[in-house]
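Trainee:
Numbering (this note's numbering), first residue to last: 691 to 893.
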């Protein structure tokens, strides 16, 4: 049964059809939640709440990208989590399942199967931690767009639908988010292996 048929059945109350949709999207939803909230417990709670909310709201889905519609619910659930509790320092990138679509291709499982040397794995691990630190410095709306577009691969239209903003707003916020990320990574340059350091344009 394809996604359209599953959606049609789920909207009629077919729980088995909805569970198949959950299985198809739970990795993506958790990945997004983990990167936005920065901790596993909050990500798990937000993902669970998002799917419950999605099931209750299925009748309001009017077509288009189901992925974008679902991710709007996920991001809203993440914002609720962030409002409910203080964020703790996270080491979440290491927890991401390396097989999920959108995960950094330098993930540990990929490195191991590629036969990379331990030194290379350690360098890439440090790069991931630096990116994570910089992501966590971004305002929530900037961070969400960086996660949705630059990490999960949504296009501008889907991202706009996911956050409920015009495409123009998405583009401008993403440009500012990328600028802040770049500046942050430059500040952390000395912490990174040389091949991963960002040099000034003039240099």
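Backbone N, C-alpha and C fix where the C-beta goes; we use that ideal spot for every residue, glycine too.
None of these values were measured; they are calculated from a predicted model.
Output the boundary residues of the alpha helix (DSSP H) element that contains residue 875.
Mentor: Taking the first residue of the chain shown as 1, we reach residue 875 at position 185. If you look at residue 875, you'll find it in the alpha helix (DSSP H) that goes 857-877.
Trainee: Between which residues of its own chain and residue 898 is the CB-CB distance below 7 Å, once the five residues before and five after are set aside?
Mentor: One cannot answer for residue 898 here, as it falls past the ends of the chain, which runs 691 to 893.
Trainee: For residue 762, I'd like the list of residues in its chain whose CB is within less than 7 Å of its CB, leaving aside the five on either flank, ordered along the chain.
Mentor: Numbered from its first residue, the chain shown carries residue 762 at position 72. Excluding five sequence positions before and after residue 762, the CB atoms of its chain that fall closer than 7 Å to its own CB belong to 851, 852, 853 and 854, given in chain order.
Trainee: Applying the 10 Å Cβ sphere with the 16-neighbour rule, what's the burial state of residue 871?
Mentor: Within the chain shown, residue 871 is the residue found at index 181, counting from 1. Residue 871 should be labelled buried.
Trainee: What does the alpha-carbon distance come out to for the pair residue 718 and residue 711?
Mentor: Locating residue 718 in the chain shown gives position 28, counting from the first residue. Locating residue 711 in the chain shown gives position 21, counting from the first residue. Their backbone Cα atoms lie some 12 Å apart in a straight line.
Trainee: Of the residues 857, 733 and 817, which one's Cα is nearest the Cα of residue 901?
Mentor: This structure cannot speak to residue 901, because the chain is shown only from 691 to 893.
Trainee: Under three-state DSSP, which class holds residue 845?
Mentor: Numbered from 1 along the chain shown, position 155 holds the residue referred to as residue 845. Note: residue 845 maps to coil in three-state DSSP.
Trainee: Give me the Cβ distance between residue 839 and residue 830, rounded to the nearest whole Å; I'm assuming they're in contact under 8 Å.
Mentor: Taking the chain shown and counting its residues from 1, the one referred to as residue 839 is at position 149. Taking the chain shown and counting its residues from 1, the one referred to as residue 830 is at position 140. Their Cβ separation, rounded to whole angstroms, is 15 Å, which puts residue 839 and residue 830 out of contact at 8 Å.
Trainee: I need the straight-line Cα distance from residue 703 to residue 695, nearest angstrom please.
Mentor: For this step, residue 703 is matched to residue 13 along the chain shown. For this step, residue 695 is matched to residue 5 along the chain shown. Rounded to whole angstroms, residue 703 to residue 695 spans 13 Å at the Cα level.
Trainee: Considering Cα atoms alone, identify which of 707, 867 and 811 is closest to residue 828.
Mentor: Counting from 1 along the chain shown, the entry for residue 828 is found at position 138. Closest option to residue 828, Cα to Cα, is 867.
Trainee: Closest to residue 769 by CA distance: which of 847, 833 and 865 is it?
Mentor: Position 79 of the chain shown holds residue 769. If we check each option's Cα against that of residue 769, 833 comes out closest.
Trainee: For residue 703, does the three-state DSSP call read helix, strand or coil?
Mentor: Reading the chain shown from its first residue, position 13 is the one you call residue 703. DSSP, read as helix, strand or coil, puts residue 703 in coil.
Trainee: Please state the DSSP three-state secondary structure of residue 734.
Mentor: Reading the chain shown from its first residue, position 44 is the one you call residue 734. Helix, per DSSP.
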